[in-house]
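Structure first, commentary second.
Protein chains in written order, with my numbering: chain A, 8 to 377; chain B, 8 to 377; chain C, 8 to 377; chain D, 8 to 377.
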């Protein structure tokens with residue numbers, strides 16, 4: 008392989024334009040055609056080219072605005088009462104990063120949305136409140152802070168908070184921009200509320216065991232039968248793993264939320280992870296394909312993304328675009344810090360597009376640019 | 008499910024703007040955020056929404072221009088001497104339809120390109136000439152008219168025509184726009200020409216048997232080990248199938264080019280098919296997700312796409328965007344017609360996005376709109 | 008299909024012997040051949056034919072004999088100090104049922120075996136004691152009562168009890184008879200003791216989480232990376248499932264020990280399950296292919312197997328041969344009963360041999376024959 | 008690992024018997040138990056231990072006897088008129104080698120069997136005649152010499168020869184002994200003759216293409232949709248492969264009959280291969296797990312199996328037991344020789360039991376023992 012990434016070499020387009028060529032290009036254009044060499048170097052970049060920039064959204068800034076939405080509009084009017092976070096470079100597709108959408112949803116006690124479904128997949132990470140619930144294809148699931156819950160593509164779903172609960176705020180993650188771009192999204196409204204088909208919490212109580220799965224139930228869906236991943240089980244698992252693992256140099260102790268019936272990602276197009284940074288841990292930098300949205304679930308620290316520092320604490324949300332170097336730091340020297348994240352890794356992996364590169368300069372730590 | 012697809016119903020965003028809301032939206036915008044209900048109905052369409060329009064490129068129009076390119080630029084200057092076909096609605100991404108690129112490449116006897124590779128996958132369908140060849144990861148493969156050949160993602164590849172051959176023209180198909188959009192493309196130039204690692208035509212001679220595969224060779228790549236699908240074997244297979252099959256109501260006798268080691272698509276992101284329309288056959292209309300580029304390999308006929316008629320004969324190229332009704336007609340009452348096509352079905356299928364709908368009005372035939 | 012299972016019909020061998028045929032048979036025999044019709048009805052039975060009989064081994068009978076072995080022989084002499092349980096009809100292959108071996112092993116504090124490996128797979132269910140451990144491919148794992156632990160085929164393994172522990176008794180399960188019958192078994196002795204390659208309990212602490220798996224570790228083995236399934240996690244999972252599941256009519260609340268990276272069986276040739284019979288539960292009878300060895304982990308009850316009643320309580324072991332009707336009863340009306348079992352279901356399933364049939368007479372309950 | 012395979016070492020059972028132990032053993036026996044160390048070394052062999060011996064059945068010897076059977080019994084009486092070949096060491100299970108059955112069946116013009124099915128799988132290799140056919144689940148398939156045809160487990164099947172044909176002789180291969188041993192076999196008789204559900208030869212005409220499969224047909228069975236592998240396509244594929252492949256040192260040019268929808272074995276429990284030995288080719292010896300039955304389809308030569316020479320020519324049948332060294336020789340220096348074989352490799356592979364070892368002494372060639 009040639010390490011030279013200059014366009015001034017054999018194998019790249021280097022045609023000088025001439026009046027004759029200009030005329031030729033016009034003729035082609037009139038026929039719905041063009042000369043490849045006029046665009047080749049642009050559409051064949053040497054390395055993956057992200058269109059997003061790294062961004063961080065502070066919960067301190069957003070929380071009051073999110074709550075205010077519950078005074079300004081009703082769920083009936085709004086469909087869902089959500090403040091969405093948008094990347095400065097992806098406003099055209101309403102994405103937080105790459106092709107991923109994220110938003111913050113608020114639901115007051117006694118409120119609930121109508122049920123709907125779409126080809127886009129959705130997930131939630133609970134930030135505040137109590138008595139929240141999701142109904143997925145007739146399965147009602149109670150939610151607590153830091154729980155992770157999925158509503159896979161084409162499942163009917165609705166959300167609400169019990170009268171006896173407290174105002175709930177959660178982060179939504181969807182691949183709406185991706186499914187729209189792939190010209191495959193759809194939407195349907197459920198007529199009325201879903202009838203429950205199973206006892207409350209059937210899914211997590213049946214599939215939430217460790218190393219055991221129901222032996223007499225057939226599951227033939229292409230996503231996890233475990234719809235809720237409880238913080239009360241996930242955080243202890245992180246702590247157990249931390250006892251015996253060195254961890255990843257780039258991510259500390261990192262675990263993937265997984266489909267217990269396949270060991271793979273929870274849904275067909277989006278995956279999610281939870282990672283623990285030990286006190287004072289400062290990971291090395293690497294970059295890889297795939298877009299990531301993070302929420303700090305515990306502790307405080309910062310990440311350096313493409314050379315720029317982003318400080319975060321509990322509930323802050325930030326993103327890492329594809330192929331941008333990033334490293335994470337836990338600022339506490341006594342407490343662990345925990346980052347939740349979701350991503351489009353299933354897409355990268357299934358299509359053969361995942362690649363990763365360690366940052367080797369400066370012993371693996373980016374020089375801050377500012 | 009509610010068949011009503013009006014936005015004026017519960018479950019869709021129906022917020023009337025007010026000065027207070029306008030102020031709220033501004034505040035959100037200053038924080039890199041927005042109110043979901045201002046975009047929800049746009050980003051959650053009721054049905055898949057293609058961004059492309061159907062188009063047909065007549066070979067009679069293009070052939071002379073393609074040949075002319077060989078007088079205007081050299082392969083050394085151009086990288087590859089290709090006229091690409093671009094959808095009127097996808098000029099920004101240089102796509103023929105959806106996220107698929109296609110072009111027509113000309114190579115004169117004795118010419119060859121330098122070797123390169125990219126994360127995008129490529130395929131070719133041979134239109135004219137003799138003595139053409141492709142080298143894929145050190146495997147040299149000779150090409151004949153109507154042969155289908157693949158150069159999977161990240162394989163080194165180069166093309167040429169033997170001195171003793173005749174000017175070759177072939178159609179290129181790539182998923183460059185998709186891989187760019189997924190922010191995962193890369194490119195590398197091979198230093199010099201690839202050394203051959205196997206005898207000429209090793210791949211088709213080893214894996215081109217019917218129902219038998221080498222028992223002593225391990226193949227661990229995520230794409231087909233059969234790099235060339237010879238017309239001399241494919242067309243007879245179509246004829247054999249036609250003897251005993253009714254065929255698809257929408258596609259006639261249709262076969263998928265397949266990886267003999269998996270039965271699946273030839274590559275991770277693009278698939279291809281060959282279909283035979285029997286004399287006078289007029290298929291019914293349907294629509295499905297996924298974008299398609301067709302080339303007529305034999306015969307003449309027309310397709311009605313989204314209500315518009317497109318007449319084609321040998322070597323004409325046309326496209327069918329996602330979720331557009333289409334039906335095909337063989338205009339001859341004595342000869343069969345054969346359509347080659349390539350598509351992004353592997354993406355649709357792996358991501359759980361494939362869906363299909365028969366056109367039921369008018370006994371399955373579209374009323375022409377013009 | 009013809010429900011008639013008489014051999015006196017067309018399609019079954021019904022040849023009357025004659026002197027001429029006798030001579031013909033002799034001639035064939037001299038050439039290493041025979042006439043199929045002389046054996047066809049025997050080798051083509053109408054239904055699966057088990058060779059084993061149902062048996063139960065009472066722990067009260069065996070425990071003292073098992074302990075006595077530790078006075079009679081040393082681990083050095085015996086290799087492993089095990090009393091094995093053998094089916095009256097399978098003594099020729101040392102199997103407890105079908106092609107499955109089981110035994111009861113005793114290890115005193117401070118004792119340990121040497122390491123070895125074999126193509127047969129092994130598993131253990133802990134019956135008594137404390138301070139026991141297994142080392143699997145350099146992973147040391149501590150064992151407690153009712154824990155289930157695997158030592159997959161061709162992994163190096165050894166067992167022992169810490170000096171500070173109490174005499175341990177556990178049940179071994181192996182597929183030695185099967186692997187011998189398939190002419191594929193082997194054996195190797197490790198030179199000295201295995202060096203530990205990971206911290207103690209690395210496997211259960213890393214892979215014992217519910218719904219999360221290490222994101223940064225590659226596992227490419229064809230068996231579970233979770234070597235120990237702790238009773239302290241499995242029993243609560245059973246109780247949780249019991250809250251929201253009706254359970255199987257034949258097995259009560261039944262869960263399969265599973266490979267968290269595939270959702271499938273723990274090993275390639277043997278599976279294992281844990282099932283809870285609710286107070287007074289009396290399941291219906293069914294039969295299926297596959298051989299099963301049970302151990303009562305908790306409570307007391309009985310099973311009716313092929314019409315015969317077998318009473319069991321904690322630590323008793325019994326077997327159910329292939330294609331024999333069986334039903335289970337919890338004799339307590341206040342406490343649950345728990346049965347551990349292991350089986351050759353992976354073999355049945357992978358080879359397409361699993362089938363199941365409900366007992367329909369008498370509302371699903373077998374008439375006791377005695 | 009310890010290369011020492013002596014039982015006189017730590018890790019093997021080395022208990023000297025005593026009167027006290029004898030009494031102990033008796034007590035165990037009375038409880039359906041035994042001491043493992045009395046059988047351990049026997050049931051845990053150092054290497055795979057075949058129970059069969061290599062054998063060869065000469066067609067010259069058998070042909071007249073096979074034909075004679077058609078004078079002695081009718082298909083109505085015999086079920087199927089078959090001479091089966093039995094290993095001297097496997098008479099108890101009617102196996103030719105390991106757990107595989109083989110026989111030679113004769114059918115005269117106008118004769119046909121009744122339809123039946125069983126959990127055992129079956130295959131056929133055509134030796135003589137014309138006008139033969141098989142009906143598999145309503146698919147009638149015409150057979151020619153050297154064609155390979157499958158009747159997978161639980162498919163209804165029947166065979167016959169058209170009135171206009173010539174007496175057909177074919178080799179049957181079944182895994183009856185294995186499925187019986189696994190206690191999973193069954194049998195059913197079809198009431199009358201199967202109605203045809205597809206045009207004649209639907210399967211080979213639809214799935215017999217090279218690198219293309221029907222795009223509009225769903226196949227969800229665990230075996231190949233291609234029921235017949237025609238010599239007219241297979242032999243040319245062998246010749247094509249021979250042009251560009253070195254071949255296996257142990258098998259020459261060897262191809263596996265494969266399921267075109269998976270690339271894997273044709274059925275769940277049995278596989279089959281076809282191999283070409285080039286003029287004068289003498290392969291090296293190796294051994295592996297799995298049992299094999301061969302038929303010479305073309306040419307003449309010999310095989311050395313476990314040190315013993317077996318000469319074969321067209322239509323001779325021989326077997327290679329598990330873990331026995333074998334090498335093949337083509338005795339012609341001008342013509343190629345072709346060996347068909349079937350095996351239980353799917354079982355070995357799925358259960359993780361396949362292993363292979365090259366013969367290294369004497370440059371890879373066995374010294375003949377006689």
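All C-beta atoms in this analysis are idealised placements derived from N, C-alpha and C, irrespective of residue type, glycine included. It should be emphasised that the depicted structure is a prediction, and the values quoted were computed from it without experimental measurement.
Compare the Cα-Cα distances from residue i to each of the options and report the closest residue.
i, options, result
"residue 174 (chain D)", "D:140, D:190 and D:207", "D:140"
"residue 351 (chain A)", "A:305, A:272 and A:370", "A:272"
"residue 22 (chain B)", "B:117, B:43 and B:37", "B:43"
"residue 227 (chain B)", "D:270, D:93, D:130 and D:247", "D:270"
"residue 261 (chain D)", "B:113, B:219 and B:187", "B:219"
"residue 304 (chain D)", "D:292, D:345, D:285 and D:319", "D:345"
"residue 131 (chain B)", "B:288, B:117, B:116 and B:150", "B:150"
"residue 162 (chain D)", "D:134, D:275 and D:172", "D:275"
"residue 166 (chain A)", "A:66, A:222, A:83 and A:64", "A:83"
Just the Cα atoms here: how many angstroms apart are residue i and residue j?
i, j, result
"residue 217 (chain D)", "residue 249 (chain D)", "17 Å"
"residue 198 (chain B)", "residue 122 (chain B)", "8 Å"
"residue 372 (chain A)", "residue 100 (chain B)", "35 Å"
"residue 214 (chain D)", "residue 244 (chain B)", "9 Å"
"residue 143 (chain A)", "residue 324 (chain A)", "25 Å"
"residue 302 (chain B)", "residue 257 (chain D)", "46 Å"
"residue 378 (chain C)", "residue 147 (chain C)", "Here chain C covers residues 8 to 377 and nothing more, so residue 378 (chain C) does not appear."
"residue 72 (chain D)", "residue 359 (chain C)", "36 Å"
What is the DSSP secondary structure of residue i, counted as helix, strand or coil?
i, result
"residue 63 (chain C)", "strand"
"residue 245 (chain C)", "helix"
"residue 82 (chain C)", "helix"
"residue 343 (chain C)", "coil"
"residue 377 (chain D)", "In this predicted model, residue 377 (chain D) has a pLDDT of only 48, less than 50, meaning its place in the structure is not dependable enough to derive any value."
"residue 131 (chain D)", "strand"
Is residue i buried or exposed, if buried means 16 or more other CB atoms sit within 10 Å of its CB?
i, result
"residue 263 (chain B)", "buried"
"residue 376 (chain D)", "In this prediction, residue 376 (chain D) scores a pLDDT of 49, lower than 50, which makes its location untrustworthy; no coordinate-derived value is stated."
"residue 58 (chain D)", "buried"
"residue 35 (chain C)", "buried"
"residue 47 (chain A)", "buried"
Give me the subset of the segment 272-283 of chain D whose CB atoms are less than 8 Å from a CB atom of chain C, sorted by chain position. 275 and 276
Any C-beta of chain A within less than 9 Å: which residues of the segment 344-367 of chain C qualify? none
Contact residues within the segment 248-267 of chain A, judged by C-beta distance below 7 Å to chain C: 248, 250, 251, 252, 255, 258, 261, 262, 263, 264, 265 and 267
Got a sec: which bits of the segment 296-321 of chain C sit with their beta carbon under 8 Å from any beta carbon on chain A, in order along the chain? none
Name the residues in the segment 214-225 of chain B whose C-beta lies less than 7 Å from a C-beta of chain D; which are they? 215, 216, 217, 218, 219, 220, 221, 222 and 223
With 8 Å as the C-beta to C-beta threshold (strictly closer), list the residues of the segment 183-207 of chain D near chain C in chain order. 183, 184, 186, 187, 188, 189, 190, 191, 192, 193, 194, 195, 196, 197 and 198
What are the residues of the segment 31-47 of chain A that lie near chain C, defined by any Cβ-Cβ distance shorter than 9 Å? none
Please identify, using Cβ separations under 7 Å, the residues of the segment 231-246 of chain A that lie next to chain G, in order along the chain. In summary, chain G is missing from the structure at hand, where the protein chains are A, B, C and D.
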